[in-house]
Every structure is written in structure tokens, then in C-alpha cells.
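Only one structure is covered here, and it is reproduced in the block below.
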Ligand code: ASP
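Spelled out as C-alpha cells, the structure:
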């Protein structure tokens with residue numbers, strides 16, 4: 026090895042030892058006779074000391090080192106005169122006896138420090154330099170820890186890690202596929218997996234019984250802030266289980282991760298039906314770190330000649346504890362917030378329950394104090410509370426109020442990143458009507474779409490509704506939600522070929538299409554498929570949650586930007602005419 030120790034290792038107990046360190050020059054301070062250099066590696070920073078009185082030539086050599094030079098130094102560990110309590114190696118420094126420059130470096134385009142001066146795009150372009158910063162490196166260390174503990178837990182539970190292929194076949198179900206043209210089979214394409222779903226089910230048919238994989242998945246979706254076109258899942262499947270077994274097994278995984286990685290004991294997960302999540306939080310991934318549940322007010326507020334409420338399908342509100350003191354300006358801000366196009370409410374009605382017991386609302390013209398008292402009763406509001414109410418079409422209003430609830434939760438400091446509230450949302454609908462979801466192929470519009478995926482089993486008691494009222498069928502499908510983020514989701518699968526065929530039929534596939542696209546799975550089901558089910562966790566999201574960040578990008582070594590570009594390697598990029606030709610892609614189409 027080129028070194029005897031790392032830059033994070035030396036302590037007072039090492040005094041007088043002769044050591045050799047390697048690393049990057051973080052910074053140097055020239056104090057006339059003395060020169061100090063902070064030498065950095067993955068493990069930490071050690072101060073190097075030079076003194077013209079000790080060795081003038083060496084001091085000159087040290088002064089010539091610029092930031093990010095790679096050096097090897099040998100010297101004696103000595104006690105520091107002025108200690109640095111913020112650095113684990115801060116009690117000592119290295120009295121250097123020789124320096125060797127292993128490589129020089131250009132001045133980096135931004136400072137490699139905790140608080141860097143580099144903007145997002147610049148740091149993405151030089152990601153390999155950004156990764157030198159300890160905060161970014163720590164995120165990847167956390168990711169590694171979570172992966173190791175995931176494997177530890179699942180291995181103990183007899184899960185086998187099996188790799189599944191990355192070049193598979195395109196299916197029009199789910200999101201859009203990324204496709205890869207085949208050179209050998211002109212005009213044909215592989216697709217990159219949106220998840221290993223069908224393969225893990227086939228592994229169950231093969232008798233593998235318990236499978237997992239920490240695996241890359243690819244979805245060609247319109248990008249949103251917290252999405253990456255390629256992302257990682259902890260993908261799992263089990264045989265001979267019911268929903269309850271899966272919930273318990275993976276609740277165990279998450280508890281294990283919280284305990285071993287964060288030292289946090291989380292209580293038994295709450296369970297909430299999808300229907301309740303929508304009714305009380307307007308959201309299938311409710312942030313349950315705080316209450317502020319929805320209160321429906323149709324029966325309380327209608328019939329007082331206030332047209333907005335009278336005409337609305339749903340009048341619904343939340344009670345913000347202790348917010349009656351909100352100023353006019355703050356209330357105007359909230360009104361602006363709900364009127365933003367992404368939220369889409371037409372206005373906000375509020376009522377302050379003042380601490381003197383009076384209630385003042387923004388619709389005093391229509392409701393007297395006595396009527397407002399009935400609102401307070403419905404909300405279970407106390408003096409000092411603020412009631413916020415939206416009205417309109419049901420789904421849209423629920424969605425808007427859900428955003429307002431989260432906003433109020435943030436404003437009132439109820440969404441602490443170090444508090445974790447985990448729950449299972451269960452009993453999802455099996456199907457949803459596709460009105461033209463921009464993330465799906467246009468040809469799938471105007472028909473039923475599987476809410477989870479087409480292999481999800483309906484609840485046995487709802488199967489009869491499949492032919493009469495498909496929208497009312499509930500699935501044996503579940504999501505794990507932590508602090509308002511969907512961390513994982515899965516389902517019990519269909520393992521009967523006839524039911525699977527019926528499902529494809531409802532989803533609008535002809536028999537031929539179903540056979541062409543999913544024949545391999547349906548055929549496998551003719552050879553003894555066990556009852557099975559599973560789920561997948563979004564690994565990047567889990568890491569960002571554990572790391573207390575909203576951005577999954579910070580937890581991926583080489584992420585893409587919000588436009589799906591890799592700024593460092595500059596991809597996607599054009600390919601040569603020669604390559605296009607070999608792939609049988611007509612250039613005028615490819616370049617159109
Ligand atoms: N394959 C599913 C997904 O990616 C997870 C599952 O059902 O196991 O969402």
C-alpha cells in the first residue's frame with residue numbers, strides 16, 4: 026500500500042508514530058514561518074504541519090501544492106497546539122518529513138467543501154468532484170448500509186437474490202418502455218424492464234419460494250422533480266402466502282432497517298384503507314406525522330344561500346390548531362397557494378375561532394356566529410384554531426385540500442424530518458379509468474387501466490363485480506407509506522390462468538394480443554403456479570428518507586438531471602449514421 030493510515034484515523038494515542046498518508050489537498054494556510062495543509066481522503070482530514078525552522082525546502086515544496094493535488098506524505102504524529110474539537114483528528118497533526126506529488130490537478134470549478142459555491146448543474150457536470158464532498162459521500166455510505174442490512178434481513182428469512190434480465194420485451198401496460206434496437210434482428214427491439222415483475226412471478230412458478238433483488242428499473246415517464254428514468258428497487262416475491270404474511274414480513278424489513286441503520290424503533294405500522302386515506306387525507310399516501318384530518322361539511326354548510334357551497338359536490342375542510350392568529354397577509358398567501366394552477370381551487374373560505382370565543386369568517390355575509398359555531402363543532406375546533414374550507418368537485422377538492430393540509434403541516438412545523446410515521450395503505454381499487462393519462466400510450470386511453478399492474482389479484486369477495494362494476498373491485502394490493510412518501514407497494518398476484526385471461530380482457534386486450542404479449546406467463550400458469558405475492562420498495566427514495574432529504578438525486582452516485590440528461594457524460598446523445606444503419610433505423614426517422 027502507498028499509505029500506512031487513512032486521513033481519518035490518527036488520534037492522540039498515535040503520537041510519535043511515523044506514518045504515511047495519501048490524499049487530496051483540501052486547503053493550505055501559509056502563516057509566514059508555518060504552513061498548514063488539510064489532507065483529505067474518504068475517511069477524513071488530517072492536518073499537515075510545515076515550519077521553515079524544521080525544513081525550509083520542505084516548506085517551499087508544501088507552499089507549491091495547489092488545491093486537489095494528490096500527494097503522499099510521511100511524517101511523525103505530534104500533538105497540536107490549538108486543537109480542533111470539530112474534527113476527530115483535531116488533536117494531532119503530522120510533522121511532515123517528505124512529500125511526494127502523485128498527481129497535480131487543475132483548480133476545480135467549485136470548492137470541494139461542505140458549503141460549496143457550485144450550482145446544481147455545474148456539480149452534475151463534474152459529479153466525480155462533487156462526490157469528493159463529504160456530505161455527498163455520506164449519502165452513498167448510507168445507501169450502502171441500507172443495501173447491506175436489506176440483504177442481511179432477507180437472507181436470514183431465506184430469500185434468494187436472483188438476477189433477472191435487463192434486455193426484455195416491450196409491453197404496452199404500465200408506463201412507457203425504454204427500447205433498445207436489436208442489430209441482429211433487424212427491425213426488432215428489446216425493452217428495458219419497468220420492473221422484474223413477470224420474471225419474479227416465473228421464479229415462483231419455478232419453486233424459488235422467496236426471491237429478492239436490488240435491481241435497476243427503467244421507466245420512460247415525463248420527468249417530475251423526484252423521478253429518475255432509471256432507479257433502483259428492492260424487489261421481492263414470496264410463495265404460499267396471503268396478504269397478511271407479506272405485510273408482516275416487510276414490516277419486519279423496514280423495522281430492521283430503521284433499527285440497524287438509524288437506531289430508531291418504529292411502532293407497529295398502522296393500516297388504513299385506500300377509501301379512508303382519500304376521505305380523511307385526500308391522498309393515497311397520507312403524511313400521518315400530524316392529524317389535521319378532513320372534515321366533510323356538506324350537511325353543515327349547505328342551504329344558506331352561499332352559492333359556492335350550495336353548488337359544490339363536496340365542501341370539506343381542515344382545522345389548523347393554534348392558527349387563528351394568522352394575519353390577513355398569511356391568509357391571502359394561503360388563498361394564493363390553493364389558487365395556483367397546479368392546485369386549482371377557485372378560492373379558500375376561512376373562519377378564525379378567536380381566543381375570546383368569537384368566530385369570524387371570510388363569508389360572514391352568509392353565516393352568522395351561531396351557524397359558525399356549528400362549523401366549529403363539526404371540526405372539533407377550540408378557541409385559537411383556524412378552519413380552512415374548500416368546495417367543488419369531489420376529487421379535485423380533495424386533492425387541493427390535501428395540498429393545503431401539507432402546506433399547513435409544514436407551516437406549523439408538524440413535518441419534522443426526524444419523526445417517522447409509517448403505515449400500510451390497503452384495499453386499493455383494482456382498476457382505474459384512463460381518461461388519457463399522459464404517461465401512457467395514447468392507444469390505452471378510454472379504457473380500464475390496472476391501478477397497480479395487470480397481475481394483481483382482485484379481492485375474492487369482489488370478483489363477482491368484475492363483470493358488473495369493475496371500478497368498484499378492490500385489489501389485494503398495498504402500499505407502504507412513510508411521512509407522506511410511497512416507499513413501497515405490491516400485491517397478491519393472480520395465479521389462475523382463467524382469471525388472468527379475464528383481467529386482460531377487462532383491460533381491453535384481445536385474446537391474441539394477450540397471448541402475444543403475456544403468453545409466456547399464462548402458459549407458465551398451466552404448469553402449477555403457486556399462490557404468490559410480493560412488493561417492491563423504491564430504494565433511492567428509502568435512502569433519501571433515511572438521509573432526511575427530499576431529493577433522490579442526492580443518493581444516486583451518477584444521477585440524471587430533471588430533464589433526464591446525464592450532464593457529465595452528456596447523454597442521451599446522437600449516434601453515428603453507421604450505427605443507425607447497422608441497427609436498421611432509417612436515419613431520416615431517427616433524426617426527425
Ligand atoms: N413490480 C411492482 C412495481 O414495480 C411491485 C410489485 O408488485 O411487486 O411497482
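Residue numbers (the numbering used here): 26 to 617. For each residue, glycine too, the CB sits at the ideal point set by N, CA and C. Only a predicted model underlies this, so the values are computations on that prediction, with no experimental measurement involved.
Run of the beta strand (DSSP E) containing residue i, from where it starts to where it stops
i	result
residue 103	95-104
residue 199	It is not in any beta strand (DSSP E) - residue 199 carries neither H nor E in the DSSP assignment.
residue 344	339-345
residue 82	Residue 82 -> not in any beta strand (DSSP E); alpha helix (DSSP H) instead, spanning 81-88.
residue 260	255-264
residue 151	Unbroken run through residue 151: none, as it is neither H nor E.
residue 504	502-507
residue 552	Taken as a continuous stretch (DSSP letters only), residue 552 belongs to no beta strand (DSSP E), as it is neither H nor E.
residue 30	Counting along the chain, residue 30 falls outside any beta strand (DSSP E), and DSSP gives it neither H nor E.
residue 301	Looking at the DSSP string, residue 301 is not in any beta strand (DSSP E); the run it does join, the alpha helix (DSSP H), is 299-306.
residue 61	59-66
residue 324	First-last for residue 324: 323-326, but that is the alpha helix (DSSP H), not the beta strand (DSSP E).
Residue i - containing alpha helix (DSSP H), residue span
i	result
residue 468	Element bounds for residue 468: n/a, residue is neither H nor E.
residue 531	522-531
residue 335	332-335
residue 277	268-282
residue 289	Premise fails: residue 289 is in no alpha helix (DSSP H) and is neither H nor E.
residue 169	159-181
residue 434	419-436
residue 75	Element bounds for residue 75: not the alpha helix (DSSP H) but the beta strand (DSSP E), 69-76.
residue 606	602-607
residue 403	394-404
Distance between residue j and residue i (C-alpha atoms, nearest Å)
i	j	result
residue 561	residue 255	15 angstroms
residue 115	residue 89	24 angstroms
residue 370	residue 415	7 angstroms
residue 166	residue 342	43 angstroms
residue 509	residue 310	5 angstroms
residue 54	residue 579	31 angstroms
residue 484	residue 260	23 angstroms
residue 575	residue 593	22 angstroms
residue 27	residue 33	16 angstroms
residue 397	residue 300	29 angstroms
residue 595	residue 480	37 angstroms
residue 294	residue 434	21 angstroms
residue 486	residue 583	47 angstroms
residue 598	residue 497	46 angstroms
residue 457	residue 474	5 angstroms
residue 413	residue 140	39 angstroms
residue 285	residue 587	32 angstroms
residue 405	residue 355	23 angstroms
residue 367	residue 424	10 angstroms
residue 174	residue 275	13 angstroms
residue 328	residue 447	40 angstroms
Residue of the options minimising C-alpha distance to residue i
i	options	result
residue 84	128, 59, 526, 293	59
residue 42	50, 30, 53	30
residue 340	130, 326, 285	326
residue 466	196, 147, 518, 172	196
residue 35	118, 139, 417, 48	118
residue 407	377, 422, 432, 387	377
residue 427	293, 304, 253, 582	304
residue 109	124, 37, 48, 281	37
residue 364	121, 379, 429, 491	429
residue 273	103, 504, 418	504
residue 451	298, 317, 334	298
residue 185	112, 234, 144	234
residue 244	226, 502, 204	204
heavy atom of ligand 1 below 7 angstroms from residue i C-beta
i	result
residue 482	no
residue 222	yes
residue 567	no
residue 561	yes
residue 516	yes
residue 253	no
residue 258	yes
residue 520	no
residue 477	yes
- Message: So, does the region 263-270 touch the region 213-220, judging by three or more C-beta pairs under 8 angstroms?
- Response: no
- Query: Counting pairs of Cβ atoms below 8 angstroms between the region 428-448 and the region 456-473, do you hit three or more?
  - Reply: no
- May I ask you to verify whether the region 174-184 touches the region 143-157, counting CB pairs closer than 8 angstroms and requiring at least 3? no
- State whether the region 119-137 contacts the region 90-101, with contact taken as three or more CB pairs (one from each stretch) at a distance under 8 angstroms. yes
- Message: Would the region 243-254 count as touching the region 538-552 if we require 3 or more Cβ pairs under 8 angstroms?
- Response: no
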